[in-house]
Structure formats: structure tokens, C-alpha cells
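Notes for the one structure printed next.
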Amino acid sequence: MALRSTVFRAEVGISDLDRQYYQTHTLTLARHPSETDERMMVRLLAFVMNASETLEFGRGISSEDDPALWDRDLTGSVLHWIEVGLPEERLLRRACGRADRVSVYVYGRSQDQWWQQNAAALERLDKLTVWSLSAQDCSGLVALVERGMELQCTIQDGQVMVSAAADVVQIEPRRLTQERA
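First residue of the sequence shown? That's 4 in the working numbering, and the numbers climb one at a time after it.
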């Protein structure tokens with residue numbers, strides 16, 4: 004018998020002062036049995052940092068052809084492809100061929116080694132932006148996990164403040180590369 008995904012619901016109020024985006028989103032996150040709370044919350048953070056009316060979650064960790072999140076126009080063209088974790092360079096190269104922009108949010112103990120192995124190749128991809136999240140940032144996000152979450156997120160000067168009930172987590176994503184137009 005196959006294990007089923009665990010469903011989490013999140014009502015997320017976003018005040019992005021950097022992009023002038025202010026909206027509340029009601030999200031359903033399906034966490035695959037092999038997915039950790041940390042990865043799920045990084046996906047949620049990636050949503051918050053790139054929120055739009057058309058941004059949506061991909062089919063999940065078991066689907067190679069879908070990103071963690073993507074933003075598509077009405078014709079189905081991919082405007083923004085977003086990955087989380089430590090994806091292979093080949094996947095990111097292919098994503099850059101399919102999308103107008105590609106972002107990656109890397110986290111975990113192996114991210115420094117992953118970056119050393121892939122930096123030269125990734126820095127050549129014009130459409131790619133790579134963000135790094137510290138272990139402290141990720142553990143703060145994991146502390147907020149509940150089956151039903153109500154979060155308020157404020158983004159200002161590249162920093163993200165996430166609050167839930169009495170807990171507040173300050174996230175400082177570090178940009179490793181930036182897309183070139």
C-alpha cells in the first residue's frame with residue numbers, strides 16, 4: 004500500500020515592501036511521505052518571496068518534470084521556474100531553456116559542497132538566481148509547522164519576517180547568483 008501525502012493548510016498574509024505586493028493567500032500544501040518539514044517550509048518561503056496571483060505549486064517531489072513552484076501565463080508558457088533543495092545542474096539548465104526566469108532555494112548541510120561543485124556551471128546560466136538559506140533560518144521555519152497555519156510575512160530589504168501566533172522568525176536569504184538580462 005502506498006503512503007499518502009499529508010495535507011497542510013496555510014493562510015499567508017504577505018506584505019512585500021520590496022515589490023509592493025500585498026495579498027493574502029490560502030494555500031494547500033501536500034507533503035509527500037519522503038518530504039521533510041524543512042523542505043515543505045522552504046517551498047512555502049519560496050512562495051512568499053515570489054508570490055503572485057498565478058504562482059502555484061508543482062505536482063511534487065515525485066514528479067521530475069515539474070518544479071517545486073512555477074508561474075505560468077495564460078498560454079502555459081513558464082514565466083518563473085522555482086526549485087528547492089540541491090537540484091542537478093542539468094535540471095537547472097533545462098529549466099533555463101523552458102522558463103523566462105529560474106530561481107533555486109538551496110538549504111541543508113550539503114549546500115556548500117553542492118555550490119562548490121556546481122558554481123562555475125550555474126554562474127553561466129543567465130536566467131538563474133540562486134538563494135542560500137542557513138540552517139538557523141530553516142530550523143526557525145520548521146518550528147512554525149502546524150497542520151493549519153496562519154502566517155504573516157513581511158519582506159523588506161531582502162529580509163523576510165514570518166510570524167505565527169507568538170513566534171516570529173527572521174529569515175535572511177543570501178543571494179549566490181543573480182539572473183542577468
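In this text, a Cβ means the ideal position worked out from N, Cα and C, and glycines have one as well.
*Expressed to the nearest angstrom, what Euclidean distance is found between the alpha-carbon atoms of residue 11 and residue 132?*
A direct Cα-to-Cα measurement between residue 11 and residue 132 gives close to 28 Å.
*Count the other C-beta atoms from every protein chain shown that fall within 10 angstroms of the C-beta of residue 128, then say buried if there are 16 or more, exposed otherwise.*
By the 10 Å Cβ count, residue 128 comes out buried.
_Here's a check: name, in chain order, each residue in its chain whose Cβ is nearer than 7 Å to the Cβ of residue 180, leaving out the five neighbours to either side._
The beta carbon of residue 180 sits closer than 7 Å to those of 125, 126, 131, 132 and 133, all from its chain and outside the five residues before and after it, given in chain order.
*Evaluate the contact criterion for the segment 18-33 versus the segment 137-145: three or more CB pairs, one atom per stretch, below 8 Å.*
Flag = no, the segment 18-33 and the segment 137-145 do not touch.
*asked:* Strictly under 8 Å for the Cβ-Cβ distance: is residue 177 near chain B by that measure?
replied: The question asks about chain B, but that chain is absent: this structure has only one protein chain.
*Distance between beta carbons of residue 55 and residue 74, contact taken as under 8 Å*: Rounded to the nearest angstrom, the Cβ distance from residue 74 to residue 55 is 6 Å, consistent with a contact under 8 Å.
*Beta carbon of residue 159, beta carbon of residue 21: below 8 Å?*
A contact, by the Cβ cut-off of 8 Å.
*Does the beta-carbon of residue 161 have 16 or more other beta-carbons within 10 angstroms, so that it is buried, or is it exposed?*
Exposed.
*Got a sec? Which residues, its chain only, sit under 8 Å from residue 90 by beta carbon, not counting five neighbours each side?*
The residues 107, in chain order, have a CB closer than 8 Å to that of residue 90 in the same chain once the five nearest residues on each side in sequence are set aside.
*asked:* Mapping the DSSP letters down to three states, classify residue 144 as helix, strand or coil.
replied: For residue 144, the secondary structure class from DSSP, reduced to helix, strand or coil, is helix.
_Reduced DSSP secondary structure (H/G/I, E/B, other) of residue 100_ = Note: residue 100 maps to helix in three-state DSSP.
_beta-carbon residue 162 near the ligand SAH non-hydrogen atom, thresh 7 Å_ = You won't find the ligand SAH in this model; it holds no ligand whatsoever.
_Range covered by the beta strand (DSSP E) that runs through residue 162_ = Where residue 162 is concerned, the enclosing beta strand (DSSP E) starts and stops at 162-167.
*Quick one: what does DSSP say residue 128 is sitting in, helix, strand or coil?*
Of the three classes helix, strand and coil, the one that applies to residue 128 here is coil, per DSSP.
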